[in-house]
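In this note's numbering, the protein residues as written are 535 to 1016.
Only one structure is covered here, and it is reproduced in the block below.
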Amino acid sequence: MKRIVLYILTSLACLGIWQSCIDDESVGVIRELSLIHIEAAQDTFYVDFGLDSKIEASITQSGEGNMTYEWSWGAVNDAGKIVDSLQVISKDPVLHYAFRKLGQFKVRLRVTNEDGSGFYYFHLFVRTPFQEGLLVLSENENHVGRTSFLRTKGPQDVVTGEEEFMLNACEEVNPEIVLNHPRDVSWYKQKLLVISDGGKVIHEYDKVTFDYLNSIRVDQEYSEASLRAFVLVENSPVYKSLAWGGDKKIWSIDYELGLVTPNTGSFTEEKYDKVYFQGGRNALFVNFEESYLNHVFSVSFPNQRFSSDEIFKGQYIVNFMADEGNRLHVITTDPENPLSVTITYFDDMTARAGLFNYKGAFQNPKTSSYLATQPITLTRETVMLTNNTYYLTFYAEGNKLYEWIYKGFTLPETPLMTLDGEITCMQLSSDEKYVYLGIWNPGAEEELKGSIYILEMDTKKIVREYRGVADKPLKIFYKKDS
């Protein structure tokens, strides 16, 4: 890559004359300026915090003589302009330096000879190995957890596959912490959170470096407390962080105080058999035995619970599909005839009656019923994922992946695809154009039996396979650096 070089003349015999040569003080002899040319194969570098990095350029001059070098760097703002005074870090022709600030910077190379100076600017991104990428929580047959991490510069890198998974991300940074019986992983502010020890501990890590910070004993105040999954991860005087417990109850988490307590406000003693939470603002809880759902919308005050009450009484709730577009579909069957299927649809889970007066998910239900010709492919244990952008839900049963489009009035009878392992978890990419599939195949040839497949939404095809990068996948999510 070649740059136009800003050239500074250090001396001119006469300011009124512009010429490309100067007198070398010998009578009748004119010397041409020695022009500096700087080229670089690349001008953008991604380097790891604290590790020695190398930046070099091809430097020539049209004349003879000595050249001196100066490397300096400074932070830049969102517009790419340098906001700090430049700090000189080297005077060697090739830069070798361990950068110890995280963020976006510019590195300036200044080359000087007797006639002037040339400049070249490099874009620099200093990050940790865990700055941004795809994180997978998995466990082996002995229920020992593993965190696998695919470092990326952006979500598209997951598809291109230029990087390889680190197979023990948190474990290599913190060998003293063992994830026994892991349950779930999420984040809160600048912390990465892992439920471990069968739900009795929440380990906290730095979200960027993965350094271990602290552990919250879940049963510190209540011996019966244990957690299965994070539900709403936020904390303020109004909104509460919630988790689904091993006792099927809902618990509140205060990450500032490090306390887990019963949620006595919205959920009291209610128990739930399944929880929906895709990382957004909607959380749904179902009690199969008593045939009702509860809904929490995180901006309601404070985590207000809305109930389906009598809507599904007398029906067998099979499962439900919700999205961040605030749509909800509940699939039920007749308890006496499982082939008699009803799909109940709610088109606005944030229905209001006045400003901020939420009435919840269960307003104005619409139903569609049909008689199936064979047992439906959806069960209560089905792994499910809804894509709000494409108006469809994927659900998995074993190694079969099904696709149900909202406009359909019947559930699919044949799978979209059959894979070479059990689909244990799914997650959407941030732009919802891809689905990350966690695959578990005990008979796989690889040493690790867990894989991650990337499904493209537009083509409905697997466009990338990362084989043998995890144990049995429990949770996948794309971790951003902010």
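Note that CB positions come from ideal geometry on N, CA and C, so glycine has one too.
Note that the structure is predicted; figures quoted are calculated from it, not measured.
For residue i, the nearest candidate out of the options (CA to CA)
{"i": "Leu713", "options": "Ile996, Glu648, Gly779, Gly733", "result": "Gly733"}
{"i": "Asp868", "options": "Phe699, Val917, Asn860, Lys847", "result": "Lys847"}
{"i": "Asp788", "options": "Phe811, Gly780, Val752", "result": "Val752"}
{"i": "Phe943", "options": "Ser874, Val917, Arg680, Lys995", "result": "Ser874"}
{"i": "Pro946", "options": "Ala906, Tyr987, Asp718, Asn975", "result": "Ala906"}
{"i": "Phe764", "options": "Asp577, Gly932, Ala817, Val610", "result": "Ala817"}
{"i": "Val628", "options": "Phe639, Ser596, Lys615, Lys588", "result": "Lys588"}
{"i": "Phe656", "options": "Ile570, Leu953, Ile616", "result": "Ile616"}
{"i": "Tyr739", "options": "Thr958, Ala759, Glu706", "result": "Glu706"}
{"i": "Leu569", "options": "Glu598, Glu604, Ser985", "result": "Glu598"}
{"i": "Asp718", "options": "Trp778, Thr686, Phe699, Glu648", "result": "Trp778"}
{"i": "Glu824", "options": "Arg815, Ile845, Gln812", "result": "Ile845"}
{"i": "Asn871", "options": "Glu858, Tyr850, Ile973, Arg861", "result": "Tyr850"}
{"i": "Ser775", "options": "Asn748, Ser720, Gly695", "result": "Ser720"}
{"i": "Glu804", "options": "Asn828, Leu793, Gly792", "result": "Asn828"}
{"i": "Gln690", "options": "Val1003, Leu1008, Val997", "result": "Val997"}
{"i": "Gly972", "options": "Leu668, Val645, Ile623", "result": "Leu668"}
{"i": "Gly792", "options": "Ser963, Ile572, Ile1010, His737", "result": "His737"}
{"i": "Gln897", "options": "His863, Leu926, Leu919, Asn921", "result": "His863"}
{"i": "Leu747", "options": "Glu790, Leu766, Asp649", "result": "Glu790"}
{"i": "Glu979", "options": "Val1003, Thr952, Lys782, Asn821", "result": "Val1003"}
{"i": "Ile939", "options": "Ser596, Leu919, Val767", "result": "Leu919"}
{"i": "Lys782", "options": "Val767, Leu761, Val794, Leu766", "result": "Leu761"}
{"i": "Ser902", "options": "Asn921, Thr952, Ile877, Glu698", "result": "Ile877"}
Whether residue i touches residue j by CB criterion (7 Å)
{"i": "Leu643", "j": "Tyr631", "result": "no"}
{"i": "Tyr924", "j": "Lys900", "result": "no"}
{"i": "Val670", "j": "Ser682", "result": "yes"}
{"i": "Lys709", "j": "Ser730", "result": "According to the sequence provided, residue 709 is Pro. The question's Lys does not apply to it. Contact: no."}
{"i": "Gly984", "j": "Ser672", "result": "yes"}
{"i": "Val728", "j": "Ser749", "result": "no"}
{"i": "Thr884", "j": "Phe831", "result": "yes"}
{"i": "Leu912", "j": "Val852", "result": "yes"}
Counted within 10 angstroms of its Cβ, other Cβ atoms place residue i as buried (16 or more) or exposed
{"i": "Arg661", "result": "buried"}
{"i": "Ala887", "result": "With a pLDDT of 47 at Ala887, under the threshold of 50, the predicted position of this residue should be treated as unreliable, though the coordinate-derived value follows. It counts as exposed."}
{"i": "Thr948", "result": "exposed"}
{"i": "Tyr904", "result": "exposed"}
{"i": "Ala703", "result": "buried"}
{"i": "Ile564", "result": "exposed"}
{"i": "Asn797", "result": "buried"}
{"i": "Leu889", "result": "With a pLDDT of 48 at Leu889, under the threshold of 50, the modelled position of that residue is not reliable, and the figure given next carries that caveat. Flag for Leu889 reads exposed."}
{"i": "Ala574", "result": "buried"}
{"i": "Lys536", "result": "A caution first: Lys536 carries a pLDDT of 44, below 50, which makes its placement in the model unreliable, though a value can still be read off. Answer is exposed; the Cβ neighbour count stays below 16."}
{"i": "Asp558", "result": "Bear in mind that a pLDDT of 46 at Asp558, under 50, signals an unreliable position, so the model cannot answer this."}
{"i": "Thr866", "result": "buried"}
{"i": "Glu666", "result": "buried"}
{"i": "Lys723", "result": "exposed"}
{"i": "Gly652", "result": "buried"}
{"i": "Ser622", "result": "In the sequence as presented, Ser is not what sits at residue 622; that position holds Val. Looking at its Cβ environment, which holds fewer than 16 other Cβ atoms inside 10 Å, Val622 is exposed."}
{"i": "Lys640", "result": "buried"}
{"i": "Asn647", "result": "buried"}
{"i": "Arg861", "result": "buried"}
{"i": "Lys1009", "result": "buried"}
{"i": "Lys741", "result": "buried"}
{"i": "Pro1007", "result": "buried"}
{"i": "Ile551", "result": "A caution first: Ile551 carries a pLDDT of 30, below 50, which makes its placement in the model unreliable, though a value can still be read off. Exposed, because fewer than 16 other Cβ atoms sit within 10 Å of the Cβ of Ile551."}
{"i": "Leu567", "result": "buried"}
{"i": "Ser560", "result": "At Ser560 the pLDDT is 48, less than 50, meaning the model places this residue with poor confidence and gives no usable figure here."}
{"i": "Cys555", "result": "Reliability fails at Cys555, whose pLDDT of 43 lies under 50, so the model's placement of it is uncertain and the value that follows must be treated cautiously. The residue in question, Cys555, is exposed, as its Cβ has fewer than 16 Cβ neighbours within 10 Å."}
{"i": "Asp586", "result": "exposed"}
{"i": "Ala759", "result": "buried"}
Supposed close pair residue i, residue j - CB separation, criterion 8 Å
{"i": "Glu999", "j": "Tyr987", "result": "5 Å"}
{"i": "Asp843", "j": "Tyr826", "result": "7 Å"}
{"i": "Glu956", "j": "Asn933", "result": "6 Å"}
{"i": "Arg634", "j": "Phe583", "result": "7 Å"}
{"i": "Glu529", "j": "Thr916", "result": "Any answer about residue 529 is impossible in this case: the structure gives the chain only from 535 up to 1016."}
{"i": "Leu982", "j": "Asp954", "result": "Leu982 to Asp954, Cβ: 15 Å. No contact."}
{"i": "Tyr929", "j": "Ala856", "result": "Their Cβ separation, rounded to whole angstroms, is 13 Å, which puts Tyr929 and Ala856 out of contact at 8 Å."}
{"i": "Trp607", "j": "Leu684", "result": "Between Leu684 and Trp607 the Cβ distance is about 28 Å, and since that is not below 8 Å, they are no contact."}
Run of the beta strand (DSSP E) containing residue i, from where it starts to where it stops
{"i": "Thr694", "result": "Taken as a continuous stretch (DSSP letters only), Thr694 belongs to no beta strand (DSSP E), being part of the alpha helix (DSSP H) at 690-694."}
{"i": "Glu673", "result": "667-673"}
{"i": "Tyr806", "result": "Premise fails: Tyr806 is in no beta strand (DSSP E) and is neither H nor E."}
{"i": "Asp586", "result": "586-589"}
{"i": "Pro869", "result": "Element bounds for Pro869: n/a, residue is neither H nor E."}
{"i": "His677", "result": "From DSSP, His677 is part of no beta strand (DSSP E); its letter is neither H nor E."}
{"i": "Val735", "result": "735-740"}
{"i": "Arg762", "result": "761-764"}
{"i": "Thr602", "result": "602-609"}
Contact test: residue i Cβ vs the ligand MG heavy atom, cutoff 6 Å
{"i": "Phe896", "result": "In the structure on display, the ligand MG does not appear, and there are no ligands present to speak of."}
Residue interval of the alpha helix (DSSP H) (run including residue i)
{"i": "Glu844", "result": "Run containing Glu844: none; DSSP gives neither H nor E here."}
{"i": "Val707", "result": "703-707"}
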